[in-house]
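Protein chains in written order, with my numbering: chain A, 47 to 339; chain B, 968 to 1550; chain C, -14 to 374.
The beta-carbon is built from N, C-alpha and C at its ideal position, and this holds for glycine as well.
It should be emphasised that the depicted structure is a prediction, and the values quoted were computed from it without experimental measurement.
This report refers to the structure that appears directly beneath it.
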Amino acid sequence: MPTDVLDRELVHSGHVGCPGCGATIAMRFVLKALGEKTIMVLPACCWSVIAGPYPQSALKIPVLHAAFETGGATATGVRAALDMKGDTETTVLTWAGDGGTFDIGFQSLSGAVERDENFIYVCYDNEAYMNTGVQRSSSTPYGAWTTTTTGKDWKKLRKKNIVEALVAHRIPYAATASIAFPEDLLRKAQKAKNMKGSRFLHIYASCPTGWRIPSEMSIKIARMAVQTNIFPLYEVEEGLRYTINYRPKEYLVREYFRLQGRFKHLTEKDLDQIQQMVNEDWELLLRKAGEHV
Amino acid sequence: MIMNKYVNPDNLYIARSYLTTESNKTGSWRFLRPCYDEKTAPCSIACPAGEDIPRIEMMATQGLFKEAWEKILIENPFPSVCGRVCFHPCEGSCNRRDFDSAVAIHSLERFIADTAIRYGISPELEKKPSRKQRIAIVGAGTAGLAAAWFLSLLGYSCDVFEASSEVGGVLRWGIPLYRLPLSALRHDIKQITELGVAIFTGKKVSKEMLSELKKKYDAVFIGCGHSLGMPLSVPGENLSGVSEGLEFLRQIRDGKSPVCSGVTAIIGGGNTAVDVARSVVRLGGKALLLYRRRRQDMPALALEVEMALEEGVELEELVAPAVISEENGKILLTLQEMKVEGEECGRDRVIAATGKNRQVRVERILKAIGMQASESWQQADRTDNEILTLSHSVLDSRGREAVMVLGGDIVNKTKSVVDAVASGKQAALALDILFQEGIEAVVPKLQACLVGPGSSLSMEIFMGGERRLRNKHVVSYEEINTDYFRFSPRVTQPRLLKEERIQSFEEIDLKISAHMAMKEAERCFNCGLCNQCDNCFIFCPDTSVILGRDHQGRHINYDYCKGCGLCVVECPRNAMSLGEEKS
Amino acid sequence: MKRVLEGSHAVAEAVRLAKVQVISAYPITPQTHIVEILSQYCTNGTMKAKFLRVESEHSCMAALIGAQSVGVRTFTATSGQGLALMHELLHWAAGARLPIVMAEVNRALAPGWNIWVDQTDSLAQRDTGWIQMYCEDGQEVLDSTIQAFLLAETVNLPVMIVLDAFYLSHTYEPVDVPEPEEVDRFLPPFAPKFQLDTAQPCAFGSLVGPGDYMDMRYQIALAMDDALIRFGDVEDAFAALFNRRYGPVEAIDCADAEIIFITSGTVTSTCRLALQELRAQGEKAGILKIKLFRPFPVDRIRKELQAAKKIAVIDRNFSFGASGIFAQELRAALCNTPRHPVVFGYVAGIGGRDVTPELLKEIYWLTKNSEVPQKESIWMGIQEVKYAD
Ligand SMILES: Cc1ncc(C[n+]2csc(CCOP(=O)(O)OP(=O)(O)O)c2C)c(N)n1
Ligand code: SF4
Ligand SMILES: [Mg+2]
């Protein structure tokens, strides 16, 4: 990675992200890769707050705050207008949370991707609606406590597989990435930048506040998510060509769950079941990548 | 702080943000405070010379071989030698052992020194301004030369007096060439002489001459080692077929080829015994190594023993000489068989197995059971409590004459090259303190220059180098963030084949390539040392790690740091700490 | 050049002449004729614009918010359900002070799918901060659409051109279509007061605390007030070039009228016929056509109505639990004047029912023969079914 990319800093200090917030780390990485000539569309999410209250902005690029569900569409308009002005150089980036991507903004995203709008959509995934105080989303994983899945009603449904949903659109580029793997993340963001059409990055971004973990653990946990196959690192080109970027050492998911307050109610039996789900998903991915097990 | 100077905010009153967030001093949220806090590596406290190993390996990783060499030289003037013959206790305490296997620290040391030889580089070392005191050094062995080296760096002029025709002591006369080629030794010694140390060879210091020296010099360092063999204390020990192993080695190193036909019995289990045995093999004889304990108890390096056996040396364990006699021009050696029973001083005790005797017929016997001082003045008087007895040296500043310092094998508990270096260093530092601040200051000041909680002295700390700031806390394996390291096999040392080995005294260990060396150096965790990996900068959610040109290369901006602790946890090598925020 | 055009096509021609750069639309009857033509114009090069074929009206407005924020001229058209779906973003567009122009074809809201005219959809958006103009015929639609861009860009507020489903959107009339050069003289290229620009990075729409939010909203209120004045300026400029003017309201025979109809949209044309007949019978009747609904031209209305005894407000819309929306607005506009006519509210033509001259005359007689209104709004032509039986 060229040092000017690494050293480039487009996020100001003084923002109000929680200590140890993974979403802010993700933002720093992505903007390093994309550079100043980027316009950001920012639907409602934690980052709407982190980005700074009027008249402050935590970002050194132009930002258009947007309605929660409009990430894909607003970017469509920004891109169209830039094209009309003859500016094909500026990258249009939508930066949305999992709620704004998997749930309320899914239609808008799907529409934009179907049209192959020329932009990058980043979903930083903290697995719940954090801005509004940790409510479940369709990205919340099986087993998690949230403020709307409490007590014995912890979430008993699987997390939506957003990348596969986008792959079904035959999107030119879709990739997962993690804040714990900066090189991989920066590479993918740069790769996306140098492509045309719709590009999607699904970035795992731990949330100390919502996950009930100590702030200093947010990278460690993000790394474990990859190491345990809970969040595999892979990329898909043209909706067809899968590349798995990281070969986990087959750590047990148990270790990952044990570290987080949001999973503390889970029994050994639950964890066994989750391990099975994770294995199943991983095998499915291997099959898609043409690597039969 | 205004981000966009073009905007006139009064133009249209809308939610258009044009200032940065930098006026929010989020540092006020912090209740834990991260800081850069370099710590002590376990290898560097295990090294009697206190070498800053993580630093040396970091430089080697970056290809900064000259700087790495200088970093070694500041603590040890014998990298070329120690890279070959040191028993490298450093590797025994390497944290990497708990991960895969220890870093090949000694191979790297040798590589770094050899690279300096290859390119004919001269080290640039900090030297203190000249001092008026002059020091005489008796014996140009490792300890004496090391003392001269460190004293010279501290600004003292030194004259070294050596009895034999060449300097180096045991290194020159007692270690076979296949372990330590002459060029390697000479290269290290060249650095010492180039520092301005005067060496007078062929000058045996007698008791009388010592009195002279005491008048002419401000201090006399005695590092003449042990040259008298220990007695076996068995009948027949003085027969002509019985001689000293070290003397045998000396003859070989003097260019002679002592006769080795038939079987030669070698008594002992240390490195000298093994050296003798292997030399016998190289001279065409059969070597029978007799040791009173078991193979695993041998003080000789395990690898040396292994190679000796490969080369055809025979080892008999649990036997002790009982009687030596002559029979038809041959030697009849009666051996007492020993057995393991109980423990003493933390190791298994061996005692004679009564009634079990054997006899072997050999051509000659070479003793290698240790040495002692040849003259009484070379021994330390440890009874007088006005004499300062330190771990690796003894200082006697009674009377008005020169300060007397004993060092090297005559005082060291462990008689190794690196302990001799430690002795020379300790003596040099002690003398400097004594001259500058008086005898009372010696112990406390030396104490302050120890590496971590160990007993090795650091010249770098003494000279006020930046690494004096490292925390005394020793980094444990648990404190390494092993997520950042990958399993990687330790470098395999290329060697001559055993068939090639026994043909000559050619050096056995071959060179490793720069690529191999850098790869090996990269295996080092750099425990407790910042190697500029930038994880703290990369992972800071608050853009509060600022890259800059200060010594650390970066600093924390406490105006904004929220104290999340990520940088500390993600530091792979525990070069940071998180403490409570005061006030 | 005079051409015979559908109301929908009049809109499209105006958009072409305004040199809009980004158009976004989602199909809904009866808006489709507008956007079909525009889509073709973008494809065949008649217009140098991007046509965004988005997947919903919601995304349509979001896309325009994005495009307009970059500083280009934008347009969309919708109707009924589509407008309702856009609601959140209508507030957004106005709050962000984006001069987006939209043609809105009044259509009744479901359930009970109904594609015919009903003003409730657009009037339900009256609080969103959009300027609203209700048009009567094809020429007015074309002229108002061109003017809308100038007005919107002057005050930095979005404009909604409202036209009745079918009666206007699908009705052919002769329309004078100006030449592009003439329109260029009236409408200069869009010069944004702010825009997303990587050379001058700002964040738009950031979090705003109570300290600034209310003041910013007050600015929108001021801009709306300003729009009333600017509307006149725009009309003056337009009239100077094209010799046509509509006014925020049009008063027909109001000077001596004792009973004045209050109308909007195509009902006005029908009412003009009824008025002729009533006047022929010697009735002192008049019409006040309300074109500009937001900002509501309160002063003009008060002035035009000051001599009347009664007004009969025709509402093709209804606010359940209250009354016809124009009637509400008129009551509110008049109540603080010392002497004002009695307000009679009539609901007529809901969901596309015909409003005939006869119905309007019936309303006139009802008004004339009553001292005071029996109800806030009287629903005309209702088959009386007992409620909740
Ligand atoms: C239409 C709409 N519904 C609800 C909200 C409230 N809201 C704002 S942010 C948010 C949650 C965002 O969740 P996510 O996208 O996962 O981002 P996060 O806050 O977790 O970073 C919600 C529910 C809104 N702004 N708009
Ligand atoms: S709630 Fe979670 S995602 Fe939101 S700012 Fe805090 S740590 Fe970041
Ligand atoms: Mg979320």
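{"Query": "Proximal residues of chain C, C-beta to C-beta of G340/A below 8 angstroms", "Result": "With chain A covering only 47 through 339, there is no way to say anything about residue 340/A."}
{"Query": "Under 8 angstroms between C-beta atoms of E283/A and N291/A", "Result": "no"}
{"Query": "Cβ-based burial, P1202/B [other Cβ within 10 Å; buried from 16]", "Result": "exposed"}
{"Query": "Alpha-carbon to alpha-carbon, M145/C and G63/A", "Result": "40 angstroms"}
{"Query": "Beta-carbon gap between V1187/B and L1177/B smaller than 8 angstroms", "Result": "yes"}
{"Query": "Cβ distance (whole Å) where D1399/B is taken to contact L1121/B below 8 angstroms", "Result": "5 angstroms"}
{"Query": "7 angstroms CB neighbourhood of E1054/B in its chain, flanking five on each side removed", "Result": "Reading the sequence as shown, one finds Phe at residue 1054/B and not Glu. Within the same chain, F1054/B has close Cβ partners L1268, S1383."}
{"Query": "Contact test: D149/A Cβ vs ligand 3 heavy atom, cutoff 7 angstroms", "Result": "no"}
{"Query": "Interface positions of the region 1531 to 1544 of chain B facing chain A (Cβ-Cβ less than 9 angstroms), listed along the chain", "Result": "C1531, G1532, L1533, C1534, V1535, V1536, E1537"}
{"Query": "Spatial distance of S66/C from D106/C (CA atoms)", "Result": "With the sequence shown as reference, residue 66/C is identified as Gln, and Ser is not the correct amino acid for it. The alpha-carbon atoms of Q66/C and D106/C are separated by roughly 8 angstroms."}
{"Query": "Environment of C380/C [buried if 16+ CB atoms lie within 10 Å]", "Result": "Residue 380/C cannot be examined here, being either before or after the span of chain C that is shown, -14 to 374."}
{"Query": "Separation of E1129/B from N1205/B, as counted between CA atoms", "Result": "29 angstroms"}
{"Query": "Length of the line joining the Cα atoms of G1532/B and D1450/B", "Result": "17 angstroms"}
{"Query": "Start-end ranges of the alpha helix (DSSP H) lying completely within the region 1134 to 1216 of chain B, minimum 4 residues", "Result": "1137 to 1140, 1149 to 1161, 1174 to 1183"}
{"Query": "Which listed residue (K206/A, S252/A, T137/A) has its alpha carbon closest to that of K242/A", "Result": "T137/A"}
{"Query": "Bridge partners - I116/C, DSSP secondary structure assignment", "Result": "V144/C"}
{"Query": "Closer than 7 angstroms: C1491/B CB and nearest ligand 1 heavy atom", "Result": "no"}
{"Query": "Residue(s) in a DSSP beta bridge with F179/C", "Result": "According to DSSP, which records beta bridges pairwise, F179/C is partnered with nothing at all."}
{"Query": "Proximity winner among T1109/B, Y985/B, T1231/B, relative to R1331/B (alpha-carbon distances)", "Result": "T1231/B"}
{"Query": "Closest Cα partner of T248/C within the set P96/C, M201/C, K276/C", "Result": "K276/C"}
{"Query": "Pairwise C-alpha distance: A188/C and V974/B", "Result": "Confidence at V974/B is low in this model, with a pLDDT of 47, below 50, so its placement is unreliable and the value that follows should be read with caution. Roughly 12 angstroms separates the two Cα atoms."}
{"Query": "Outcome for Q313/C when other beta-carbon atoms lying within 10 angstroms are tallied against a minimum of 16", "Result": "buried"}
{"Query": "Sequence-distant residues of the same chain with beta carbon closer than 6 angstroms to S184/A, five excluded per side", "Result": "F148, D149, K206"}
{"Query": "Bridge partner(s) assigned by DSSP for V102/A", "Result": "A quick correction: the sequence has Gln, not Val, at residue 102/A. Paired residue(s): L986/B."}
{"Query": "Ligand 2 heavy atom lying under 7 angstroms from the CB of E96/A", "Result": "Checking the sequence, you will find Ile at residue 96/A rather than Glu. Within the cutoff, so yes."}
{"Query": "Which of helix, strand or coil DSSP assigns to D1004/B", "Result": "coil"}
{"Query": "Residues within the region 157 to 184 of chain A neighbouring chain B, beta-carbon criterion of under 9 angstroms", "Result": "none"}
{"Query": "Chain B within 8 angstroms of D133/A, Cβ atoms only", "Result": "no"}
{"Query": "N-terminal and C-terminal residue of the beta strand (DSSP E) that V168/A is part of", "Result": "165 to 171"}
{"Query": "Within chain A, partners of N1524/B - CB distance below 8 angstroms", "Result": "S59"}
{"Query": "From C253/A, L56/A, L279/A, residue whose alpha carbon lies closest to that of L231/A", "Result": "L279/A"}
{"Query": "Residues of its chain near A52/C, where Cβ-Cβ distance is below 6 angstroms and the 5 sequence neighbours each way are ignored", "Result": "V7, T59"}
{"Query": "Minimum Cβ-Cβ distance from S261/A to chain B less than 8 angstroms", "Result": "yes"}
{"Query": "Cβ-Cβ distance between V1317/B and T1301/B below 8 angstroms", "Result": "no"}
{"Query": "P254/A: CB within 7 angstroms of a non-hydrogen atom of ligand 2", "Result": "yes"}
{"Query": "Heavy atom of ligand 2 within 7 angstroms of G307/A beta-carbon", "Result": "no"}
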